[in-house]
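Peer 1:
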Amino acid sequence: MSKLSPERLTNDPATRIRDAVAAIEPRLVEIRRDIHAHPELGFEEVRTAGIVAAELARLGIPHRTGIGRTGVVGVIEGGRPGPTLAIRADMDALPIQEETGLPFASTVAGTMHACGHDIHTTTLIGVAEVLQDLAPQLAGRVVLVFQPAEESLGGAAAMVADGVLEGVDMALGFHNQPDMPVGRFGYVRGSTLAAADRFDLLVRGRSGHAAHPHKSVDPVIAAAAFVSQAQTVVSREIDPLMPAVVTIGMIHGGTAPNIIPETVELRGTVRTLHRESRDIAEAALKRLAEGLAAMHRTSCTLGYHRGVPPLINADSVLDPAIAAVRRQLGEVIAEGRPSMGAEDFSEFAERVPAFQLRIGSGAPGRQDALHNDRYQPDERCIGLGVQALSRIALDMLA
Numbered sequence: 001m002s003k004l005s006p007e008r009l010t011n012d013p014a015t016r017i018r019d020a021v022a023a024i025e026p027r028l029v030e031i032r033r034d035i036h037a038h039p040e041l042g043f044e045e046v047r048t049a050g051i052v053a054a055e056l057a058r059l060g061i062p063h064r065t066g067i068g069r070t071g072v073v074g075v076i077e078g079g080r081p082g083p084t085l086a087i088r089a090d091m092d093a094l095p096i097q098e099e100t101g102l103p104f105a106s107t108v109a110g111t112m113h114a115c116g117h118d119i120h121t122t123t124l125i126g127v128a129e130v131l132q133d134l135a136p137q138l139a140g141r142v143v144l145v146f147q148p149a150e151e152s153l154g155g156a157a158a159m160v161a162d163g164v165l166e167g168v169d170m171a172l173g174f175h176n177q178p179d180m181p182v183g184r185f186g187y188v189r190g191s192t193l194a195a196a197d198r199f200d201l202l203v204r205g206r207s208g209h210a211a212h213p214h215k216s217v218d219p220v221i222a223a224a225a226f227v228s229q230a231q232t233v234v235s236r237e238i239d240p241l242m243p244a245v246v247t248i249g250m251i252h253g254g255t256a257p258n259i260i261p262e263t264v265e266l267r268g269t270v271r272t273l274h275r276e277s278r279d280i281a282e283a284a285l286k287r288l289a290e291g292l293a294a295m296h297r298t299s300c301t302l303g304y305h306r307g308v309p310p311l312i313n314a315d316s317v318l319d320p321a322i323a324a325v326r327r328q329l330g331e332v333i334a335e336g337r338p339s340m341g342a343e344d345f346s347e348f349a350e351r352v353p354a355f356q357l358r359i360g361s362g363a364p365g366r367q368d369a370l371h372n373d374r375y376q377p378d379e380r381c382i383g384l385g386v387q388a389l390s391r392i393a394l395d396m397l398a
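Now the structure itself:
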């Protein structure tokens, strides 16, 4: 069970939560460093899930494992009836060789917690401990969601398929932000992160000798035209006030400089912040591919694969969350800008009102970035994140 005791805590929520976090923060840092030293890729988070399950068991929190393959879900029942709030943290690492030189650096070659999911997992463990002690004051229930495989954008969908959102009324997510100093928090209204779709285009012509191009049908020319025209989807078809990015990151074709190849393959991504622009981009790229056949005598096959939807924060969760952070920590939260990055917490937000909180993790004197082999977040963001998230849950389930 938790080491916290009501006698140590005051009736003032801010002081009560702050004192509770101070008591457990050293242990949380130890847990984070252990997880950091033993990173696991998506759907391989067996050891990490075991740590989570052991901590929930220690706290007396009922939980289930194997949700969404390697996810863990715990439930804290409040003292009175009310809505259900899900709080989600991701657990997976990245295929990156760590170069920090830290004493608790990754012991797994080629794998590193370079996005701070070790921070997230530990933060939610801390929230679980604080809220378990505050449970009698809650009107409703808290579902603690420890999610696998965010980096591959598949873990949230797997947990949803296993019923993690059944009975959930609203969801809260969070992410550490090294571009914000530790102690600061951020939010974005409406669309905050992009949908991430991908496409594959196979252009088939007729191969031949480079000296006799008229006897061939050149798929390279058609592919080059598609690369150029794809950018007009953003510049001429989507509202300039609705950000979108089309990127072609792979082109493969040909075996020799004097041979016109039979085929060229392109692969790319489409990122959009709004549902409308997502639909426009998909339709436009399909139309452009179809047009290559008539313009260049090629045959073209476009595969378009929708990934996660855009993450859209709901004011019904965002507004009380911002107010709760300010009540707990003061004027430390400010509005930020959307990002064209993607995050599969959007699978939750697509189904229930949701909000993702940004938690500053930038260490003084450093200029870190996510997905970097030298990323070193300031560990003080763990305790501060626990305070903010615990107060949000307490106030929203008052």
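Yeah, the sequence shown ends on 398 if you go by UniProt numbering, and it's all consecutive.
Backbone N, C-alpha and C fix where the C-beta goes; we use that ideal spot for every residue, glycine too.
Since this is a predicted model, take the numbers as computed values, not measurements.
Taking all protein chains shown into account, decide if M170 is buried (16 or more other Cβ within 10 angstroms of its Cβ) or exposed.
Peer 2: buried
Peer 1: Rounded to whole angstroms, what's the CA-CA distance from V127 to H371? Just pull it up for me.
Peer 2: In a straight line, the C-alpha of V127 is about 25 Å away from that of H371.
Peer 1: From the DSSP output, which residues share a beta bridge with S191?
Peer 2: I312
Peer 1: Tell me the rounded alpha-carbon separation between R141 and H252.
Peer 2: 52 Å
Peer 1: Which residue's Cα is closest to the Cα of G190: D133, R33, A222 and L357?
Peer 2: L357
Peer 1: Which residues share a DSSP beta bridge with S346?
Peer 2: Answer by DSSP bridge pairing: none, since S346 is not bridged.
Peer 1: Hey, how far is the Cα of R380 from the Cα of A20?
Peer 2: 15 Å
Peer 1: When you compare the CB positions of Q137 and G60, do they come within less than 9 Å of one another, or not?
Peer 2: no
Peer 1: Among residues of its own chain, excluding the 5 on either side of Q339, which ones have a beta-carbon nearer than 6 Å to its beta-carbon?
Peer 2: The sequence given here places Ser at residue 339; Gln does not occur at that position. L193.
Peer 1: Tell me whether F226 sits in a helix, a strand or coil according to DSSP, three-state version.
Peer 2: helix
Peer 1: Please go through the same chain and pick out, in chain order, the residues whose beta-carbon is closer than 6 Å to the beta-carbon of F174, but skip the five residues on each side of it.
Peer 2: L357 and I359
Peer 1: How about I125 and L56: do their beta carbons lie closer than 9 Å?
Peer 2: Yes; because the gap between Cβ atoms is below 9 Å, this pair is in contact.
Peer 1: Who are the near neighbours of R69 in its chain, counting only those whose CB is closer than 7 Å to its CB and skipping five residues on each side?
Peer 2: F43, P148 and A158
Peer 1: Whole angstroms are fine: how far does the CA of V46 sit from the CA of M91?
Peer 2: 10 Å
Peer 1: Tell me, which residues are paired with C300 by DSSP?
Peer 2: V203
Peer 1: Rounded to whole angstroms, how far is the Cβ of G74 from the Cβ of L165, which I believe are closer than 8 Å?
Peer 2: Contact flag wrong, Cβ pair sits at about 15 Å.
Peer 1: Looking at F146 and R88, is the spacing between their C-beta atoms short of 9 Å?
Peer 2: yes
Peer 1: Any idea if A324 is buried or exposed, counting beta-carbon neighbours within 10 angstroms, 16 or more meaning buried?
Peer 2: buried
Peer 1: If we call anything under 9 Å between Cβ atoms a contact, is T122 one with I382?
Peer 2: Closer than 9 Å, so yes.
Peer 1: Under 6 Å Cβ to Cβ from T301, same chain only, skipping five residues before and after it: list those, please.
Peer 2: The answer, listed in chain order, is L202.
Peer 1: Quick one: is H120 near chain D, going by C-beta distance under 9 Å?
Peer 2: Among the chains of the structure shown, chain D does not appear; only one protein chain is present.
Peer 1: In the DSSP assignment, what are the bridge partners of E25?
Peer 2: According to DSSP, which records beta bridges pairwise, E25 is partnered with nothing at all.
Peer 1: Going by beta carbon distance, what residues of the same chain come within less than 7 Å of Q177, once the five residues before and after it are set aside?
Peer 2: G186, R358, I359, G360 and S361
Peer 1: Only counting the same chain, and skipping five residues up and downstream in sequence, which positions put a Cβ closer than 7 Å to that of A398?
Peer 2: A139
Peer 1: When you compare the CB positions of I312 and A349, do they come within less than 9 Å of one another, or not?
Peer 2: Going by C-beta atoms, I312 is nearer than 9 Å to A349.
Peer 1: Between which two residues does the alpha helix (DSSP H) holding R47 run?
Peer 2: First-last of the alpha helix (DSSP H) with R47: V46 to R58.
Peer 1: Mapping the DSSP letters down to three states, classify I238 as helix, strand or coil.
Peer 2: coil
Peer 1: Please check the pair V233 and A284, which I expect to be a contact at CB under 8 Å, by giving their CB distance rounded to whole angstroms.
Peer 2: 4 Å
Peer 1: Going by DSSP in three states, S361 sits in which element: helix, strand or coil?
Peer 2: strand
Peer 1: Can you have a look at S106 and say buried or exposed, based on whether 16 or more other CB atoms are within 10 angstroms of its CB?
Peer 2: buried
Peer 1: Given a cut-off of 9 Å on the beta-carbon distance, is the pair R271 and T255 in contact?
Peer 2: no
Peer 1: I need the boundaries of the beta strand (DSSP E) containing Q147, first residue and last residue.
Peer 2: A139 to Q147
Peer 1: On a CA-only basis, which of S346, E335, R16 and P95 is nearest R180? Give me that one, please.
Peer 2: The sequence shown places Met at residue 180, rather than the Arg named in the question. That would be E335, whose Cα lies nearest to the Cα of M180.
Peer 1: Under three-state DSSP, which class holds A211?
Peer 2: coil
Peer 1: Is G268 helix, strand or coil when you go by DSSP?
Peer 2: strand
Peer 1: Assuming A195 and A342 form a contact by the criterion Cβ under 8 Å, report the distance between their Cβ atoms to the nearest whole angstrom.
Peer 2: The pair is a contact, with the Cβ atoms about 7 Å apart (cut-off 8 Å).
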